[in-house]
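Worksheet: one structure, shown below.
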Amino acid sequence: MPVKVIIPTPLRAYAGKQESVEVQAATVGEALDSLTSQYQNLKQHLFGDDGRLRSFVNVYVNDEDIRYLQKDQTRLKEGDTVSIVPSIAGGTHART
Amino acid sequence: MATKIGISAPATGEQPVTLSNEEVLRYSRHLIMPEVGMDGQLKLKRAKILCVGTGGLGAPLGLYLAAAGVGRIGIVDFDVVDRTNLQRQILFSSGDVGRPKIEAAAQRLRGLNPDIQIDTFKTKLTSDNALDIFRDYDIIVDGTDNFPTRYLVNDASVLLKKPNVYGSIFRFEGQITVFGYPDGPCYRCLYPEPPPPGLVPSCAEGGVLGVLPGIVGAIQAAEALKLIIGKGEPLVGRLLLFDALGMRFRELKLRKNPDCPACGTHATITKLIDYAEFCGIRGEEAPMPQNNVPEITPRELKSRLDRGDDLFILDVREPHEYQICNLGGYLIPLGELSRRVNELDSSREVIAHCRSGKRSTEATVFLRNAGFRKVLNLKGGILAWSDEVDPSVPKY
Chain A
1 MPVKVIIPTP
11 LRAYAGKQES
21 VEVQAATVGE
31 ALDSLTSQYQ
41 NLKQHLFGDD
51 GRLRSFVNVY
61 VNDEDIRYLQ
71 KDQTRLKEGD
81 TVSIVPSIAG
91 GTHART
Chain B
1001 MATKIGISAP
1011 ATGEQPVTLS
1021 NEEVLRYSRH
1031 LIMPEVGMDG
1041 QLKLKRAKIL
1051 CVGTGGLGAP
1061 LGLYLAAAGV
1071 GRIGIVDFDV
1081 VDRTNLQRQI
1091 LFSSGDVGRP
1101 KIEAAAQRLR
1111 GLNPDIQIDT
1121 FKTKLTSDNA
1131 LDIFRDYDII
1141 VDGTDNFPTR
1151 YLVNDASVLL
1161 KKPNVYGSIF
1171 RFEGQITVFG
1181 YPDGPCYRCL
1191 YPEPPPPGLV
1201 PSCAEGGVLG
1211 VLPGIVGAIQ
1221 AAEALKLIIG
1231 KGEPLVGRLL
1241 LFDALGMRFR
1251 ELKLRKNPDC
1261 PACGTHATIT
1271 KLIDYAEFCG
1281 IRGEEAPMPQ
1291 NNVPEITPRE
1301 LKSRLDRGDD
1311 LFILDVREPH
1321 EYQICNLGGY
1331 LIPLGELSRR
1341 VNELDSSREV
1351 IAHCRSGKRS
1361 TEATVFLRNA
1371 GFRKVLNLKG
1381 GILAWSDEVD
1391 PSVPKY
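The structure is reproduced here in structure tokens:
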């Protein structure tokens, strides 16, 4: 079923500069798979080499953290919003 | 050791706290609200808040806390005001460029409210001084700008059982919450680990809308004031996300992780650690670029161009940076280089440059690996070109 995945500002560069992407998925895992198969550069930012979600990236279904639901097995229903919320450190911006 | 530089105004000490007639007038718009009133205003006067960082977030924080009459405000910063700060760090004036932030900030806050005490800590917050600096304060407000200090502020706050009012920003987006509240989550419950340095968005994607830290810092100030007067619903267990582009606030649930190494039932962090190491960073900020990349200095480049050598200048910055200033180079942003490498002629000598030399170092390594034999990195980028060759090129 169609669900909306909200892409955070730091990762939009790897997702065609879009704020959100609509995917077809029944679980959070499927939604992220679908997203990263469309945007392959996003994958390394979301998943570590072990294939697990990185510990500085949280994923929410609506307002609930999937770590406290069924993680990537969390079921989605039509109209759910999946949010990717990475850690950001800025107060000002450390320049390189 | 904490280096306490200056303490202004009489300490509130042990004597009963009252308001002078001038203070009653100053705070009258608080006093006439039942949610604050005399009781709340005296709580504010007795309160001690530490602001870590006096940058974009620290500016509105410091100003509003001082204006509100928080009796003692500590500020920690080691930096010096530079011109690029003025776009958002509204504590500072043009005349402050080059001054230590802590001095300019203290002067501004004392000017705003001479009845309060400003403690200044002109130092970098470290594992050695954090507990000493934090100990005297009721509430810590985190206005820092990097992962090691964020984890340090968190762990020190958790160890001392002090609330930590957290705000962070990136471009158009902010995150705000209150950590370290009794039974509430901490930063490590939200993010157990920081990103490795390589995955932190680079300067190519960086930047911040000047007003964004103003909004986020003002929300942090509101939360700190609410915690003191004990009114309303604190932003505990909730992560507030703010998107200035869409002009939307969203709220996510934030739970205390029972297995959290800092605040969980079997916490393993019982003292402060080496946060640079924890964040995978040695030394200052980003890791140094590989030092075996062939380079050319701006002066060498200038003399070779003057000689008429056939050099291909490759600019790997973003188009909006090219508009600020350029060396007339051929523009391929670093992120597009692998896809567009066929636009380059590997028989020609290529000089890659960016703003400071970091992205072009990556580009040089990439091109060498792709079979380009004659690629040199412009050392120090267009900034160094401006310093050493042509000061008419603006620096940004």
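Protein chains in written order, with this note's numbering: chain A, 1 to 96; chain B, 1001 to 1396.
Note that the Cβ used here is the ideal one computed from N, Cα and C, for glycine as well.
What you are looking at is a predicted structure, and each value in this text was computed from that prediction instead of being measured.
Cutoff 7 Å; reference residue i; Cβ partners in own chain excluding five residues on either side
i         : result
LEU101/A  : Residue 101/A lies beyond the stretch modelled for chain A, which goes from 1 to 96, so this question has no answer here.
THR1018/B : none
PHE1078/B : LYS1122, THR1123, LYS1124
GLY1098/B : VAL1080, VAL1081
ALA15/A   : ILE7, VAL21, TYR39, LEU42
GLY1210/B : GLN1087, ARG1088
DSSP state of residue i mapped onto helix, strand, coil
i         : result
PHE1172/B : coil
LEU943/B  : Because residue 943/B is not part of the residues shown, which for chain B are 1001 to 1396, the question remains open.
GLU1295/B : strand
ARG1188/B : helix
GLN1087/B : helix
PHE1078/B : coil
GLN1015/B : coil
PHE1142/B : Looking at the sequence shown, residue 1142/B is not Phe but Asp. It is a strand residue.
GLY1040/B : helix
LEU1240/B : strand
ILE1007/B : In this prediction, ILE1007/B scores a pLDDT of 39, lower than 50, which makes its location untrustworthy; no coordinate-derived value is stated.
Residue span of the alpha helix (DSSP H) that contains residue i, given as start and end
i         : result
GLU1251/B : Taken as a continuous stretch (DSSP letters only), GLU1251/B belongs to no alpha helix (DSSP H), being part of the beta strand (DSSP E) at 1248 to 1253.
ILE1229/B : 1211 to 1229
GLN1107/B : 1101 to 1112
LEU1061/B : 1058 to 1068
ARG1029/B : 1028 to 1031
PHE1278/B : 1275 to 1278
Min CB distance residue i to chain D below 8 Å
i       : result
VAL85/A : Reference to chain D is not applicable here, since the protein chains of this structure are A and B.
First through last residue of the beta strand (DSSP E) which encompasses residue i
i         : result
ILE6/A    : 2 to 6
LEU11/A   : Looking at the DSSP string, LEU11/A is not in any beta strand (DSSP E); the run it does join, the alpha helix (DSSP H), is 9 to 12.
LEU1131/B : That residue, LEU1131/B, is in no beta strand (DSSP E); its alpha helix (DSSP H) goes 1130 to 1134.
ASP1155/B : Looking at the DSSP string, ASP1155/B is not in any beta strand (DSSP E); the run it does join, the alpha helix (DSSP H), is 1147 to 1159.
PHE1121/B : 1117 to 1121
Same chain, Cβ closer than 6 Å to residue i, five either side skipped, listed in chain order
i         : result
ASP1243/B : GLU1173
LYS4/A    : SER20, GLU22, THR81
GLU1349/B : LEU1311, LYS1374
SER1250/B : The question names Ser, but residue 1250/B is Arg in the sequence shown. If we look at ARG1250/B and ignore the five residues flanking it on each side, its Cβ neighbours are LEU1241.
GLU1223/B : VAL1165, VAL1178, LEU1235
ASN1377/B : VAL1293, GLU1295, ALA1352, SER1360, THR1361, THR1364
Cβ shell of residue i (< 8 Å), same chain only, five flanking positions each side left out
i         : result
SER1020/B : ASP1115
VAL57/A   : HIS45, LEU46, ILE84, VAL85, PRO86, SER87
The region 64 to 78 of chain A: positions lying closer than 7 Å to chain B by Cβ: Among the residues of the region 64 to 78 of chain A, those with a Cβ less than 7 Å away from any Cβ of chain B are GLU64, ASP65, TYR68, in the order of the chain.
Against chain A, which members of the region 1169 to 1193 of chain B pass a CB distance test of less than 8 Å? ILE1169, PHE1170, ARG1171, PHE1172, GLU1173, GLN1175, LEU1190, TYR1191, PRO1192, GLU1193
Report the residue ranges of all alpha helix (DSSP H) runs contained in full by the region 1344 to 1385 of chain B; include only those spanning at least 4 residues, in chain order. 1358 to 1369
Inside the region 18 to 91 of chain A only - beta strand (DSSP E) runs reaching at least 3 residues: 20 to 24, 57 to 61, 81 to 86
Interfacial residues, the region 3 to 35 of chain A to chain B, with Cβ spacing under 8 Å: Those residues of the region 3 to 35 of chain A that come within reach of chain B (Cβ to Cβ, closer than 8 Å) are PRO8, THR9, PRO10, ALA13, GLU19.
Chain-ordered residues of the region 1082 to 1094 of chain B with a beta carbon less than 9 Å from chain A: THR1084, ASN1085, ARG1088, GLN1089
Where are the beta strand (DSSP E) runs, 3 residues long or more, that stay fully inside the region 1307 to 1341 of chain B, in chain order? 1311 to 1315
Please list, in chain order, the residues of the region 1130 to 1151 of chain B that have any C-beta partner in chain A closer than 7 Å. GLY1143, THR1144, ASP1145, ASN1146, PHE1147, ARG1150
Within 7 Å of chain A by C-beta, residues of the region 1095 to 1117 of chain B in sequence order: none
Taking a Cβ distance cut-off of 9 Å, strictly less, list which residues of the region 1224 to 1247 of chain B are near chain A, in chain order. Sequence-ordered contacts of the region 1224 to 1247 of chain B with chain A read ARG1238, LEU1239, LEU1241, ASP1243, LEU1245, GLY1246 [C-beta pairs closer than 9 Å].
Compile a chain-ordered list of the residues in the region 1328 to 1345 of chain B whose CB is closer than 9 Å to at least one CB of chain A. Answer in chain order: GLY1335.
Quick one, which residues of the region 1247 to 1269 of chain B are near chain A if we go by CB-CB under 9 Å, in chain order? ARG1250, GLU1251, LEU1252, LYS1253, LEU1254, ARG1255, ASN1257
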